[in-house]
Amino acid sequence: MLPILAGPSSSRGDAILEFAVHQPLVPGKLYVLLAFTGPTPHGTVGLSWLTHQGYEDMGEPPFEELLEVAAGNLAEDLTIDGYSTDDGSDVLHVKREGFLAGSAVALPGFHERMSSILAAQRLVVGLLCSDELYLADADGGAADEIRRMTLEHEHDGQYLGPTVLLMDGSGIQVLAERQI
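The sequence shown begins at 157 in our numbering and counts up one residue at a time.
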């Protein structure tokens with residue numbers, strides 16, 4: 157089971173909210189859902205959503221407990237690369253061998269860990285798609301680059317359109333998004 161991000165910036169994401177169990181990260185904009193995942197014969201990731209009926213059949217355990225399990229599964233395969241821009245600003249790129257690195261924003265402690273790496277409390281996060289996540293100091297020179305590359309990204313039509321977030325320790329805000 158893995159956490160998957162979805163929202164109304166994608167027609168597919170908006171539709172999935174109707175039948176899949178979810179929790180808001182940013183109410184009305186960004187949600188975390190849970191899905192059982194596995195590779196398909198076509199080299200893609202197959203998703204079997206945790207539906208409302210499936211959740212009932214499980215006895216409706218606290219969503220946070222299920223998210224903790226899913227987050228642990230996701231975190232196992234995450235890697236972080238980084239680079240510096242021409243002005244010396246640091247950019248982190250969160251990746252995952254098995255796709256879905258964008259869901260890392262839903263991990264417990266994500267903001268604290270990334271803030272300590274970047275030495276910044278306010279982070280700008282670019283969710284190019286479900287698989288691509290970049291972040292930098294929201295008050296640094298790379299913030300505009302994160303926003304630009306996120307909103308210009310050619311998206312493949314998953315469950316969330318390209319989305320730019322602000323994480324500041326008190327919560328998450330959607331700064332910009334592109335409808336797909």
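Quick reminder that beta carbons are idealized off the backbone N, C-alpha and C, glycines included.
Every value quoted in this text rests on a predicted model; they were computed, and no experiment measured them.
Inset, instruction - Give me the Cα-Cα distance between residue 211 and residue 221, rounded to the nearest whole angstrom. - result: 12 Å
Legend entry - Sequence-distant residues of the same chain with beta carbon closer than 8 Å to residue 297, five excluded per side: 241, 243, 244 and 245
Inset, instruction - Figure out for me which residue from 316, 269, 205 and 284 has the closest Cα to the Cα of residue 278. - result: Cα-wise, what sits closest to residue 278 is 269.
Inset, instruction - Return the CA-CA distance between residue 214 and residue 226, expressed in angstroms with no decimal places. - result: 15 Å
Inset, instruction - From the DSSP output, in three-state form, read off residue 269 for me. - result: helix
Legend entry - Alpha-carbon to alpha-carbon, residue 291 and residue 342: Because the chain is modelled from 157 through 336, residue 342 falls outside the range shown and cannot be assessed.
Legend entry - C-beta contact flag for residue 282 and residue 303 at 9 Å: yes
Legend entry - Distance between residue 203 and residue 190 (C-alpha atoms, nearest Å): 9 Å
Legend entry - Secondary structure of residue 238, DSSP reduced to three states: Note: residue 238 maps to strand in three-state DSSP.
Legend entry - Between the CA atoms of residue 315 and residue 168 - distance to the nearest angstrom: 5 Å
Inset, instruction - Leaving out five residues on either side along the sequence, give the residues of the same chain with a beta carbon under 8 Å from the beta carbon of residue 224. - result: 264
Legend entry - Beta-carbon spacing of residue 187, residue 162 below 9 Å: Yes, they are a contact pair.
Legend entry - Option nearest residue 299 by Cα separation, candidates 331, 194 and 208: 331
Inset, instruction - Return the residue from the list 249, 200, 261 and 180 that minimises the CA-CA distance to residue 323. - result: Of 249, 200, 261 and 180, the residue nearest in Cα terms is 261.
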